[in-house]
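There are 2 protein chains.
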Amino acid sequence: MAPEKSRRERPAKPALTRDGIVAAAVAILREEGLRKVTMRRLAQELDTGAASLYVYVRNTAELHAAILDELLGTIPSPPDDGDWRDRLERLLTGYTATLLEYPGLALSALVARPSGENYLALCENLLALLAEGDVAPERRAWGIDILLQHATATAAEHADEESPEEWDALARAVRDADETTHPQIAAHAADLLTGAPEQRMSWGLRVLITGITHTGLPAERNQA
Amino acid sequence: MAPEKSRRERPAKPALTRDGIVAAAVAILREEGLRKVTMRRLAQELDTGAASLYVYVRNTAELHAAILDELLGTIPSPPDDGDWRDRLERLLTGYTATLLEYPGLALSALVARPSGENYLALCENLLALLAEGDVAPERRAWGIDILLQHATATAAEHADEESPEEWDALARAVRDADETTHPQIAAHAADLLTGAPEQRMSWGLRVLITGITHTGLPAERNQA
DNA sequence: ACCTGAACACCGTTCAAGT
DNA sequence: ACCTGAACACCGTTCAAGT
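Same order as they appear, the protein sequences are chains G and P.
Under the working numbering, the first residue of the first sequence is numbered 1413, with each subsequent residue one higher.
Under the working numbering, the first residue of the second sequence is numbered 1413, with each subsequent residue one higher.
Below, the structure is given as structure tokens:
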């Protein structure tokens, strides 16, 4: 915004702005991952002290939220053709794919609901798709809530960062399940451990869409 | 006044065991919250150094997982009467309620899937309920996965720890939504911001159950 | 008003050295 | 084998003092 020109040869230290801070944070995110996006590291990148950032950002959670909204601006908006269900599924798959690049952010989003411009635009699109599908108006708001929660949680599950240890432990526990004490687990062991992520994701979204269109709210029940 | 230097009269420092460590961790959790359950704090409680804990616990994530499994042992098993859907809903509501006491643990569970005894028992019960409901066998495993993810994520959302800041921000953003640029949000503002947690939770579970019973897997599709 | 260095109060994890 | 102190490499946030 402020066109400050330096008379020096060395790259001038740009004035701090909230946008500049967020931009630098996104850059660190892309190059080094969310774990490195700390107040101190960010300040270092901006050639200042961590304390200075607090003029523009309340805390780390707010910083993460700002980064996330920036990322949400990059979700490809799916083509307009096809069934509303397919478009809904594609939009949410795109959302999930974006979050999957930085699962740690998905975790943040789960805890601190975003409220940025791009998040609102996403909600707007989701609500419009449910409206197009003739989902009862009262169900739309709660519907996008579940859909977004599912998509966000699915991405957040991958925040374990290159450590398949826990997955190994679960796989072992399932495979070693005693057939007499855990007959169901033994019987379903294969299904519990397999399934391509995209297929599971797709099925999950269709489960939700089907459920939303077929399940009345408590209020609707009372009226019935 | 000063106690004898004998080690016998003072409460003897108990030998370290994995169980003892987990028990102490649970005690700190109950008294001071998950944030205080750190390796250092835990070691202090056990009158040793943090390094000693690493003989019994691989890292903090594994410690959290062990604590969670301990907690899962306290979920009340719902009464045997009623429709399988109601029993399923009650069981998952109990699971969520337990996690809601320590939402930070729910967050851990989302990232590092638990694999303890009590978790397996819960899965076993969930699978049995879906079987009782004549849910197609191939769908049961993926079904409990979605159900648990939903319940876990719902609890995890409350891990913001007494800071309704982000919620305020979202509420403001929704209420201030421009009617021309965000017509859907403006129209659904009330529903987006309201709803008792229990009602939302209950509706969410029924959405999932309905969806699971009505949505074929990709494989089932191919066969059809 | 904005910016800063320094300080406060912590972290997880590793490792060489002890027992 | 188990246990330990000390060290390494960090954190978020606040605050008094400067500009």
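Cβ coordinates follow ideal geometry from the N, Cα and C atoms, glycine included.
Keep in mind it's a predicted model, so treat the numbers as computed, not measured.
Secondary structure of residue i, DSSP reduced to three states
| i | result |
| --- | --- |
| LYS1425/P | coil |
| VAL1449/G | coil |
| VAL1434/P | helix |
| LEU1538/P | helix |
| ALA1589/G | coil |
| ASP1492/G | coil |
| GLY1616/P | helix |
| THR1625/P | helix |
| GLY1506/G | helix |
| ASP1572/P | coil |
| TYR1468/P | coil |
| ALA1608/G | coil |
| LEU1458/P | coil |
| ILE1487/P | coil |
| PRO1630/P | helix |
| ARG1420/G | Reliability fails at ARG1420/G, whose pLDDT of 34 lies under 50, so the model's placement of it is uncertain and the value that follows must be treated cautiously. It is coil, neither helix nor strand. |
| ASP1386/P | The requested residue 1386/P does not occur in the structure, where chain P is confined to residues 1413 to 1636. |
| GLN1635/P | Any answer about GLN1635/P is weak, because its pLDDT of 46 lies below 50 and its placement is not dependable; what the coordinates show is given next. Helix. |
| MET1413/G | With a pLDDT of 37 at MET1413/G, under the threshold of 50, the predicted position of this residue should be treated as unreliable, though the coordinate-derived value follows. Here MET1413/G sits in coil by DSSP. |
Sequence-distant residues of the same chain with beta carbon closer than 8 Å to residue i, five excluded per side
| i | result |
| --- | --- |
| GLY1374/P | There is simply no residue 1374/P to check, as chain P begins at 1413 and stops at 1636 in what is shown. |
| ARG1633/G | Residue placement at ARG1633/G is poorly supported in this model, since its pLDDT is 49, which falls under 50; the coordinates still yield a value, given next. Counting only Cβ-Cβ distances below 8 Å, and skipping sequence neighbours, we find nothing. |
| MET1413/G | Any reading at MET1413/G must be qualified, since the residue scores a pLDDT of 37, below 50, and its modelled position is unreliable; no value is offered. |
| ASN1537/G | SER1489, LEU1503 |
| ASP1590/G | ALA1598 |
| SER1418/P | Per-residue confidence for SER1418/P stands at a pLDDT of 37, beneath the threshold of 50, marking its modelled position as unreliable; the derived number appears in the next sentence. So no residue of the chain qualifies. |
Contacting residues, own chain, Cβ-Cβ under 7 Å from residue i (five flanking each side not counted)
| i | result |
| --- | --- |
| LYS1640/G | Missing from the structure shown is residue 1640/G; chain G here goes from 1413 to 1636 and no further. |
| LEU1539/P | ARG1552, ILE1556 |
| GLU1578/G | ASP1572 |
| CYS1535/G | ILE1556 |
| LEU1465/P | ILE1433, MET1451, LEU1454, ALA1455 |
| ALA1631/P | GLU1550 |
| LEU1459/P | Reading the sequence as shown, one finds Asp at residue 1459/P and not Leu. Cβ neighbours of ASP1459/P beyond the five flanking positions: LYS1425. |
| ARG1471/G | Reading off the sequence, residue 1471/G comes out as Asn, not Arg. Around ASN1471/G: no qualifying Cβ. |
| LEU1446/G | TYR1514, GLY1516, LEU1517 |
| VAL1619/G | none |
| GLU1457/G | ALA1436, ILE1440 |
Neighbourhood of residue i by C-beta distance below 6 Å, restricted to the same chain and skipping five residues each side
| i | result |
| --- | --- |
| PRO1526/P | ALA1477, LEU1480, ASP1481 |
| ALA1521/G | LEU1480, THR1564 |
| GLN1635/P | In this predicted model, GLN1635/P has a pLDDT of only 46, less than 50, meaning its place in the structure is not dependable enough to derive any value. |
| ARG1497/G | ILE1621 |
| LEU1511/P | ALA1518, ALA1567 |
| THR1505/P | none |
Spatially closest choice to residue i from the options, by CA coordinates
| i | options | result |
| --- | --- | --- |
| ASP1492/G | SER1520/G, LEU1484/G, ARG1502/G | ARG1502/G |
| ALA1581/G | ASP1498/P, MET1451/P, THR1486/P, LEU1532/P | LEU1532/P |
| ARG1499/P | ALA1473/P, LEU1542/P, ARG1584/P, ALA1524/P | LEU1542/P |
| ALA1568/P | ALA1568/G, VAL1523/G, ASN1471/G | VAL1523/G |
| THR1486/P | ASN1471/P, TYR1507/P, VAL1467/P | TYR1507/P |
| GLU1544/G | LEU1458/G, ALA1462/G, GLU1457/G, THR1625/G | THR1625/G |
| ALA1473/P | LEU1519/P, LEU1559/P, ASP1588/P | LEU1519/P |
| VAL1586/P | LYS1425/G, GLY1494/G, GLY1528/G, LEU1446/G | GLY1528/G |
| GLY1628/G | ALA1548/G, ARG1584/G, ASP1588/G, ILE1558/G | ALA1548/G |
| ARG1442/G | SER1614/G, HIS1570/G, ALA1509/G, LEU1483/G | LEU1483/G |
| HIS1593/G | TYR1468/P, ARG1584/P, ASN1530/P | One detail in the question is off: residue 1593/G reads as Thr in this sequence, not His. The residue with the shortest Cα to Cα distance from THR1593/G is ASN1530/P. |
Where the alpha helix (DSSP H) containing residue i begins and where it ends
| i | result |
| --- | --- |
| ALA1598/P | 1595–1599 |
| GLU1474/G | 1472–1484 |
| PRO1549/G | 1549–1568 |
| GLY1516/G | 1515–1523 |
| ALA1463/P | 1462–1465 |
heavy atom of the ligand GTP below 7 Å from residue i C-beta
| i | result |
| --- | --- |
| ASN1471/P | This structure simply doesn't include the ligand GTP, nor any ligand for that matter. |
State whether the stretch 1463–1483 of chain P contacts the stretch 1431–1445 of chain P, with contact taken as three or more CB pairs (one from each stretch) at a distance under 8 Å. yes
Do three or more CB pairs link the stretch 1515–1522 of chain G to the stretch 1585–1602 of chain G at distances below 8 Å? no
I'd like to know if the stretch 1601–1611 of chain P and the stretch 1608–1615 of chain G are in contact, where contact means that at least 3 CB-CB pairs between them fall below 8 Å. no
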